[in-house]
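K.L.:
Residue numbers (this note's numbering): 1391 to 1732.
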């Protein structure tokens, strides 16, 4: 009899509990497990949903362009029904700057840890970008080109690690506070060695790059047809990281007529030396060309055919050597000043 009574009580209690669960407003949902974390993340698609409350569609919105191509701080994560969500914020906080919750599968996230707050001094390589935050994306960029800052100091006061990459926060010489990835800085100040030289050179290809500043892409341009098939004077050369560059000019000077710096491998260059300034009298064979400059190229030609001048006098007042070839500067009988190979 007691067993029957106990059984009836269990049935009644179970029925009452089921009735409670089925009553509107009394549904029991799975619990959300929330934990602290430290990550940085980027939303992968403008279609990603941002939730105000995990598991609720109320107040949700798409990331759109406003919240993509940008890095966010993640200081809290939650798991609901086996699915992970990240609380994204514009600052390193789970209460300030909060945007909402984003499904982990809609984000690219990496661990974010502090390394130290030690002061460090680096020199910029001139590569990479500078950002408002570590591991910044396009919308976080302050400078998308650091070549104008090449070799300048970067005074660091905070080092952090994102994934396996080291990031430094510090100040540029202009006072701007930025984050820069460690790959783009060096502890040793890069040095450029400048030396005087005397060469003549021709740019080999229209695709060759002419630099205004060695190692910087700022203000660079291709040689194109304007600076090919022409001879240039080289009175200064420089070596950076084992690479040689020539300063090309339209005249025999490293300050006047200067065009820019060209990588030595993009030029055909020969030594250029003065032999003497003695007056000499020669007679033209009627062969070869006459140029504005010694070792001239196509664009330097004054006369491409000297047969009309055959046997005429050539009064020389300057002799120079280019490579192993002798060149004479002087005047034709018509008064034209030219350079002709010996």
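Ideal Cβ positions, reconstructed from N, Cα and C, are used throughout, including at glycine.
Using 8 Å for Cβ pairs, my map puts residue 1573 next to residue 1544. What's the rounded Cβ distance?
P.N.:
Going by Cβ atoms, the distance from residue 1573 to residue 1544 rounds to 13 Å, so no, they are not a contact pair.
K.L.:
My guess is that residue 1493 and residue 1552 are in contact by the Cβ rule of under 8 Å, so how many angstroms apart are they, rounded?
P.N.:
No, residue 1493 and residue 1552 are not in contact; Cβ-Cβ is about 21 Å, not under 8 Å.
K.L.:
Run through DSSP, which three-state label would residue 1711 get?
P.N.:
strand
K.L.:
Between residue 1658 and residue 1559, is the Cβ-Cβ spacing less than 8 Å?
P.N.:
In this structure, residue 1658 keeps its C-beta atom at 8 Å or more from the C-beta atom of residue 1559.
K.L.:
Residues bridged to residue 1705 by DSSP?
P.N.:
1671, 1721
K.L.:
Just to confirm my understanding: we take residue 1604, look at its own chain, exclude 5 residues before and 5 after, and list those with CB closer than 7 Å. What are they?
P.N.:
Same-chain partners within the cutoff: 1582, 1628, 1630, 1635, 1651.
K.L.:
Based on DSSP bridge pairs, tell me the residues matched to residue 1459.
P.N.:
None; residue 1459 has no bridge partner.
K.L.:
Determine the burial state of residue 1725: buried for a count of at least 16 other Cβ atoms within 10 Å of its Cβ, exposed for fewer.
P.N.:
exposed
K.L.:
In chain order, which continuous runs of the beta strand (DSSP E) of length 3 or greater are located wholly inside the region 1618 to 1656?
P.N.:
1621 to 1630, 1633 to 1639, 1648 to 1653
K.L.:
Starting from residue 1662, follow its DSSP beta bridges and name the residues at the other end.
P.N.:
1712
K.L.:
Quick check: what's the CA-CA separation for residue 1370 versus residue 1482?
P.N.:
Lying before the first or after the last residue shown, residue 1370 is absent from the chain, which here runs from 1391 to 1732.
K.L.:
Take the Cβ of residue 1498 as the centre, count every other Cβ of all protein chains shown within 10 Å, and call the residue buried at 16 or more, exposed below.
P.N.:
Burial call: exposed.
K.L.:
Any contact of the region 1446 to 1459 with the region 1510 to 1526, i.e. 3+ C-beta pairs under 8 Å?
P.N.:
no
K.L.:
Taking the C-alpha atoms as reference points, what is the distance between residue 1412 and residue 1427?
P.N.:
Residue confidence is low: residue 1412 scores 34 on pLDDT, short of 50, so the model does not pin down where it sits. No coordinate-derived value is stated.
K.L.:
Rounded to a whole number of angstroms, what is the C-alpha to C-alpha distance between residue 1671 and residue 1691?
P.N.:
22 Å
K.L.:
Going by the DSSP bridge assignment, what does residue 1427 pair with across the sheet?
P.N.:
Looking at the DSSP assignment, residue 1427 forms no beta bridge with any residue, so it has no partner.
K.L.:
To which residues of the same chain is residue 1663 closer than 7 Å at the C-beta, ignoring the five residues directly before and after it?
P.N.:
Here the set comprises 1588, 1710, 1711.
K.L.:
Residue 1716 to residue 1580, Cα distance in whole Å?
P.N.:
40 Å
K.L.:
Since residue 1473 is in the beta strand (DSSP E), which residue starts that stretch and which ends it?
P.N.:
1473 to 1479
K.L.:
Tell me the rounded alpha-carbon separation between residue 1537 and residue 1608.
P.N.:
6 Å
K.L.:
How about residue 1460 and residue 1479: are their beta carbons less than 8 Å apart?
P.N.:
no
K.L.:
Using three-state DSSP, classify residue 1484 as helix, strand or coil.
P.N.:
coil
K.L.:
Between residue 1583 and chain B, is the shortest Cβ-Cβ distance under 8 Å, so that the two count as touching?
P.N.:
Any reference to chain B falls outside this structure, which holds one protein chain only.
K.L.:
Could you name the residues that DSSP lists as bridge partners for residue 1539?
P.N.:
According to DSSP, residue 1539 bridges with nothing at all.
K.L.:
Using C-beta distances below 6 Å, list every residue in its chain close to residue 1487, excluding the 5 sequence neighbours before and after it, in chain order.
P.N.:
Only residues of its own chain outside the window of five on either side were considered, and among them 1479, 1480, 1481 have a CB closer than 6 Å to the CB of residue 1487, listed in chain order.
K.L.:
Among residues of its own chain, excluding the 5 on either side of residue 1584, which ones have a beta-carbon nearer than 8 Å to its beta-carbon?
P.N.:
1626, 1627, 1628
K.L.:
At a cut-off of 7 Å, would you count residue 1713 as near the ligand SAM, judging by its Cβ distance to the nearest heavy atom?
P.N.:
Ligands in the displayed structure: none, and consequently the ligand SAM is not present.
K.L.:
Please state whether DSSP places residue 1560 in a helix, a strand or coil.
P.N.:
strand
K.L.:
Within the continuous beta strand (DSSP E) that includes residue 1502, where are the two ends?
P.N.:
From DSSP, the beta strand (DSSP E) with residue 1502 extends over 1497 to 1506.
K.L.:
What number of angstroms, rounded off, separates the C-alpha of residue 1654 from the C-alpha of residue 1632?
P.N.:
Spanning the two alpha carbons is a distance of roughly 11 Å.
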